[in-house]
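**Student:** Quick one: the structure is below, questions incoming.
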Amino acid sequence: MEIGKIVRRILQAESILIGAGAGMGVDSGLPDFRGKEGFWRAYPPLADLGLQFEEMANPRWFHEDPTLAWGFYGHRYQLYKSTRPHKGYEILKKWIQSLQIPSFIYTSNVDGHFSSTGWRNQTLECHGSLMHLQCLENCGQSPWIAQSSIKQKIQVCMKTLRCKSALPSCPGCHKLARPNILMFSDFYWDQSRTSQQEKALENWLSINGNQQLFVIEIGAGITIPTVRSFCEKTKEFYDCEMVRINPRDYHSPSGVEVLPLGALESLQLLDSEISKVLR
Ligand SMILES: NC(=O)c1ccc[n+]([C@@H]2O[C@H](COP(=O)([O-])OP(=O)(O)OC[C@H]3O[C@@H](n4cnc5c(N)ncnc54)[C@H](O)[C@@H]3O)[C@@H](O)[C@H]2O)c1
Ligand SMILES: [Zn+2]
Numbered sequence: 072m073e074i075g076k077i078v079r080r081i082l083q084a085e086s087i088l089i090g091a092g093a094g095m096g097v098d099s100g101l102p103d104f105r106g107k108e109g110f111w112r113a114y115p116p117l118a119d120l121g122l123q124f125e126e127m128a129n130p131r132w133f134h135e136d137p138t139l140a141w142g143f144y145g146h147r148y149q150l151y152k153s154t155r156p157h158k159g160y161e162i163l164k165k166w167i168q169s170l171q172i173p174s175f176i177y178t179s180n181v182d183g184h185f186s187s188t189g190w191r192n193q194t195l196e197c198h199g200s201l202m203h204l205q206c207l208e209n210c211g212q213s214p215w216i217a218q219s220s221i222k223q224k225i226q227v228c229m230k231t232l233r234c235k236s237a238l239p240s241c242p243g244c245h246k247l248a249r250p251n252i253l254m255f256s257d258f259y260w261d262q263s264r265t266s267q268q269e270k271a272l273e274n275w276l277s278i279n280g281n282q283q284l285f286v287i288e289i290g291a292g293i294t295i296p297t298v299r300s301f302c303e304k305t306k307e308f309y310d311c312e313m314v315r316i317n318p319r320d321y322h323s324p325s326g327v328e329v330l331p332l333g334a335l336e337s338l339q340l341l342d343s344e345i346s347k348v349l350r
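Using our numbering, the first residue of the sequence shown is number 72, and each one after it goes up by one.
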């Protein structure tokens with residue numbers, strides 16, 4: 072780890088791509104789902120039912136057991152919505168604004184925290200967003216903002232993880248709504264929002280990919296390595312520099328700088344150097 076080198080890369084960058092996984096949310100107080108123990112610590116009732124993340128994140132629960140499905144996703148929606156993103160988001164924003172360079176986010180996080188901290192139109196949420204809903208029956212209604220259907224707090228019994236309040240419904244056909252996120256064995260995920268974001272990123276890369284691009288990957292796991300692969304491939308394709316920030320899964324291909332620390336600690340550490348220059 073060479074802080075000075077990473078600081079120089081950031082200061083010299085003409086564009087920055089930030090790839091973020093569940094680890095980016097950990098310092099905001101959100102759980103990552105590393106291993107079944109991590110998942111069950113966050114959701115004890117699912118340990119009693121013996122359900123792992125991969126089993127619970129399946130659209131079949133909305134058909135077979137809607138109050139359990141909405142208990143799980145309703146709790147996450149409530150948690151992500153009420154949690155304030157940690158200061159690292161502000162630090163990243165500050166760098167981008169001070170350097171006056173374009174940036175884009177590629178994230179598997181469904182918490183909407185990058186969108187709400189200023190990257191609304193420069194974010195690709197590759198697994199969708201819990202802040203948006205879609206029709207379970209795919210009646211033709213486009214995905215919509217969750218808040219417009221969830222006016223009151225979703226009430227979840229934490230002993231059973233069952234939703235106690237009214238379940239959100241589709242404004243088009245009034246049947247059950249589900250989060251607009253990609254689950255496992257999910258053949259009916261409405262990709263339209265994410266496809267638009269994909270086009271925006273393609274366009275952004277075609278303009279900025281060859282402009283001294285720097286890739287900052289933060290908290291991206293190895294179980295579902297979508298973000299890691301994307302960052303590594305982007306680095307390779309544009310032959311640019313990259314840093315991987317991760318306290319545990321930091322092994323990397325050669326040529327990738329590594330910061331084996333948490334997201335907030337890393338960003339604060341870098342910022343203490345960068346702000347001396349950007350002041
Ligand atoms: N906030 C969210 O939206 C959220 C949270 C949990 C899971 N998920 C979903 O789970 C799936 C798996 O995502 P994943 O592979 O990114 O998660 P993961 O749970 O498999 O991996 C999390 C990674 O974060 C790292 N990490 C832990 N603490 C950290 C910290 N303080 N700072 C930086 N990194 C830290 C871990 O070492 C690990 O590599 C995705 O589909 C995602 O949609 C989303
Ligand atoms: Zn509908």
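Ideal Cβ placement from N, Cα and C applies to all residues, glycine included.
The structure displayed is predicted, hence computed values, not measured ones.
Could you give the uninterrupted runs of the beta strand (DSSP E) lying entirely in the region 200-264, keeping only those of 3 residues or more?
**Tutor:** Taking only runs of at least 3 residues, the beta strand (DSSP E) segments lying wholly in the region 200-264 are 248-252.
**Student:** Assuming I77 and V314 form a contact by the criterion Cβ under 8 Å, report the distance between their Cβ atoms to the nearest whole angstrom.
**Tutor:** So it is a contact: roughly 5 Å between Cβ atoms.
**Student:** Just checking my contact of L340 with I74 at CB under 8 Å: how many whole Å lie between their CB atoms?
**Tutor:** Going by Cβ atoms, the distance from L340 to I74 rounds to 6 Å, so yes, they are a contact pair.
**Student:** Could you tell me the distance, in whole angstroms, from the CA atom of N274 to the CA atom of E125?
**Tutor:** Going by the C-alpha atoms only, they are around 33 Å apart.
**Student:** Grab the span of the alpha helix (DSSP H) containing A118 for me, first residue to last.
**Tutor:** Run containing A118: P115 to D119, per the alpha helix (DSSP H) assignment.
**Student:** Just to check, is the beta-carbon of K306 closer than 6 Å to a non-hydrogen atom of ligand 2?
**Tutor:** Not under cutoff, so the answer is no.
**Student:** Going by the beta-carbon positions, is the gap between F133 and L207 smaller than 7 Å?
**Tutor:** Result yes, Cβ atoms of F133 and L207 sit closer than 7 Å.
**Student:** At the level of alpha carbons, what is the spacing between G142 and D136?
**Tutor:** Cα to Cα, G142 sits roughly 10 Å from D136.
**Student:** What span of residues does the alpha helix (DSSP H) with I167 cover, start to end?
**Tutor:** Looking at the DSSP string, the run of the alpha helix (DSSP H) that includes I167 is K158 to L170.
**Student:** According to DSSP, is E288 part of a helix, a strand, or is it coil?
**Tutor:** Looking at E288 - three-state DSSP - the assignment turns out to be strand.
**Student:** Ordered along the chain, which non-local residues of its own chain (more than five positions away) have a Cβ less than 6 Å from that of T188?
**Tutor:** Counting only Cβ-Cβ distances below 6 Å, and skipping sequence neighbours, we find P156 and Y160.
**Student:** Using the Cβ count rule (16 or more neighbours within 10 Å means buried), how would you classify G211?
**Tutor:** Flag for G211 reads exposed.
**Student:** Note down the Cα distance separating L117 from W111, rounded to an integer number of angstroms.
**Tutor:** Their Cα atoms are separated by approximately 6 Å.
**Student:** To the nearest angstrom, how far is the alpha carbon of S86 from that of V97?
**Tutor:** Using only the alpha carbons, I get a separation of about 26 Å.
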